[in-house]
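S.K.:
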Amino acid sequence: MQHSKFRFKRKTRFISIISLLLIVGFSSTSLISYFVANNSLDEFIRTNTLPLTSDNIYSEIQRDVLPTIVISSLMAQDTFVRDWILTGEKEPDLIIRYLSEIQDRYKTATAFFVSDKTLNYYHSSGLLKQVNPDSDQDSWYFRVAQLKDDFEINVDIDSANLEQTNFFVNHKVTDYSGKYLGTIGVGLSSETVINMIEFYQSRYDRQVYFIEPNGKIALRGKRYQGAEDIHQTDGLAEIATLVLASPGGSYTYSRNGQDIFLKTRFVPELNWHLLVEQVGKPESHIQKTLWVNLSLSLLITVIVLLLAHFTISKYQRRLEIMATKDKLTGIDNRHAFDPAFQQVIKTTARNKDALSIVLVDIDHFKKVNDNYGHMVGDQVIVKIATILKSNLRESDLLCRWGGEEFMLLLPKCDLSDAQSIAEKIRLHIETETIVIEGNTIAITASFGICAYLGDESQNELFERVDKALYRAKNLG
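Per the working numbering: the sequence shown = residues 1019 to 1494.
#1: In three-state DSSP terms, what is Y1470?
#2: Are the beta-carbon atoms of A1436 and I1447 separated by less than 8 Å?
#3: Please classify Q1296: is it buried, with 16 or more other beta-carbons within 10 angstroms of its beta-carbon, or exposed?
#4: Could you check the C-alpha separation between R1283 and K1370 for me, to the nearest Å?
#5: Quick one: give me the first and last residue of the beta strand (DSSP E) that E1295 is part of.
#6: To which residues of the same chain is L1427 closer than 7 Å at the C-beta, ignoring the five residues directly before and after it?
#7: Measuring alpha carbon to alpha carbon, tell me which residue in L1406, I1452 and A1236 is nearest V1386.
#8: Whose C-beta lies closer than 6 Å to the C-beta of H1303 among residues of the same chain, with five residues either side of it excluded?
#9: Between the region 1187-1200 and the region 1234-1241, do at least 3 Cβ pairs fall closer than 8 Å?
#10: Exposed or buried, what is K1190 when buried is set at 16 or more other beta-carbons lying within 10 Å of its beta-carbon?
#11: By a C-beta neighbour count over all protein chains shown, 10 Å radius and 16 as the cutoff for buried, is S1315 buried or exposed?
#12: Along the chain, where does the alpha helix (DSSP H) that runs through S1434 open and close?
#13: With a Cβ-Cβ cutoff of 8 Å, do A1372 and C1468 count as a contact?
#14: Helix, strand or coil, according to DSSP, for F1480 in the structure here?
#15: Distance check for Y1159 and T1496, CA to CA, integer angstroms please.
#16: Going by the beta-carbon positions, is the gap between F1130 and G1200 smaller than 8 Å?
#17: Please look up how many angstroms separate the CB atoms of F1355 and L1068, rounded, as I've assumed it's under 8 Å.
#18: Note down the Cα distance separating I1212 from V1083, rounded to an integer number of angstroms.
#19: Less than 8 Å separating the beta-carbons of G1472 and L1487?
#20: Y1242 to V1226, Cα distance in whole Å?
#21: Write down the C-beta distance between L1325 and R1081 rounded to the nearest angstrom, noting that I regard them as a contact closer than 8 Å.
#22: Pick out the complete beta strand (DSSP E) segments inside the region 1153-1240, 3 residues or longer, and give them in chain order.
#23: From Y1222 to I1202, what does the alpha carbon distance come to, in whole angstroms?
#24: In chain order, what residues of the same chain have a beta carbon less than 8 Å from the beta carbon of S1090, not counting five sequence neighbours either side?
#25: Could you pull the DSSP bridge partners for K1281 from this structure?
#26: Taking C-alpha atoms, which residue in F1328, A1245 and K1442 lies nearest to S1408?
#27: Excluding the 5 residues preceding and the 5 following G1233 in the sequence, name in chain order all residues of the same chain whose CB lies nearer than 7 Å to its CB.
#28: Might you give, ordered along the chain, the residues of its own chain that have their beta carbon closer than 8 Å to the beta carbon of L1104, omitting 5 neighbours on each side?
#29: Using the rule of at least 16 other Cβ atoms within 10 Å of the residue's Cβ for burial, across every protein chain shown, is R1115 buried or exposed?
#30: In angstroms, rounded to a whole number, what distance separates the CA positions of S1072 and S1046?
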């Protein structure tokens, strides 16, 4: 319960920060753009029309791209990923299935993880290869490993499909002490991003493209007019150094005898500059366009806030469920149990309450699987989980501990009370049967019960309850 509240507060804080940035950013930009407008048509474009268009496009970029960054960030902080790496990358199918699930759930073009220890390149389709520091194709990984920032975004060839170029979010993965473990992330098809640019250009009737910090064109629409580097673009080359050195600004230059009005903005999420161009002078209805853009800015701000809230909530909820819930029974797994256990220990110590722990093991479960198959075994596990939940209080904690083992944490419950609860559950289990093809399967379970001593560690308590279960099974 406390862990869920913590996650909720963290998510709420994150949404609040995004909301504040968007509200302050759009409000400031719109007000400043409005009040600095004057009778000069050229100045009107530089200080109003183009800035508003750039801001609207920037907000739509955040709406379209930010969820991908959030997904990669959550993947990099997922305790399942960290624990899988730290335990020696055993059972590669686990991380491959995890990446496949991420790709399917969030409709990305690819999902991947590269281990710094083994240099293995894990992909949603399998273990592709080992990255090579001497390979140009793999140079991106070794560049990311040396980054000061937590992540980067780049456009590169997909290692799983050499004929496809993707828009990648590469996020560093570190252990719990901050040591680098590898790089994880997802990719969008670059065609998808290019279509976004085409949509922006059609919607705002302006040329939109992105450039890298060195001036090379990073992404452009199909109708882009200009060289592949702004240092080689006629007219723009003279102000290229100024554009690249500034986080944003308004400029005018001439190309093929036409005046080009340019608005630039650095997009930190992409580490690129956004350039929006308009050719020539506006028509007489530009005043109306100003008010339309102001209204659109307000509307888009509201929409982006709503989309960010619901999208991030949905993604985080799905990832949290994947990381903390047992898929078969729907109850907590060990990842969720550990922080909850620590909270209960603190509360117990503070209030000087009793605390007991029960480890439940289904008897002869292997025989059930061998004789009737794993489908029936799954039914037995679900049945036991249902019985356990029905006999516990709301304050009690239940998790699936292992294959056929369940752990019960009973706050404000001494050893005698815990034994009574365990006996009640044991009798309930014995009365339940499962009928398969006319055969009745009787279910029994063994219980290890211990009271928390107050001065012992978590491992010591678990070791005692495990021994208690072992004794119970030996006694029949």
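Beta carbons are placed, not taken as given, at the ideal position from N, Cα and C, and that holds for glycine.
M.R.: This is what the structure holds:
#1: coil
#2: Pairing A1436 with I1447 gives a Cβ-Cβ distance that is not under 8 Å.
#3: Classification for Q1296: buried.
#4: 59 Å
#5: W1290 to V1297
#6: F1359, V1362, I1375, D1414 and L1415
#7: I1452
#8: Bear in mind that a pLDDT of 48 at H1303, under 50, signals an unreliable position, so the number given afterwards is only what the model happens to contain. Excluding residues within five positions, none has a Cβ falling inside 6 Å.
#9: Counting C-beta pairs with one atom in each stretch, the region 1187-1200 and the region 1234-1241 have fewer than three that are closer than 8 Å, which means they do not touch.
#10: buried
#11: buried
#12: The continuous alpha helix (DSSP H) containing S1434 extends over residues L1433 to T1449.
#13: No, Cβ-Cβ distance for A1372 and C1468 is not below 8 Å.
#14: helix
#15: The structure shown does not extend to residue 1496, since the chain is modelled only from 1019 through 1494, so no value can be given for it.
#16: no
#17: Rounded, the Cβ-Cβ distance is 55 Å, inconsistent with contact.
#18: 12 Å
#19: No; because the gap between Cβ atoms is not below 8 Å, this pair is not in contact.
#20: 8 Å
#21: 6 Å
#22: 1169-1176, 1179-1192, 1198-1207, 1225-1229 and 1235-1238
#23: 35 Å
#24: F1169, V1187, N1188, H1189, I1202, G1203 and V1204
#25: S1268 and V1294
#26: K1442
#27: D1247, I1248, H1249, A1258 and L1262
#28: D1193 and L1199
#29: exposed
#30: 14 Å
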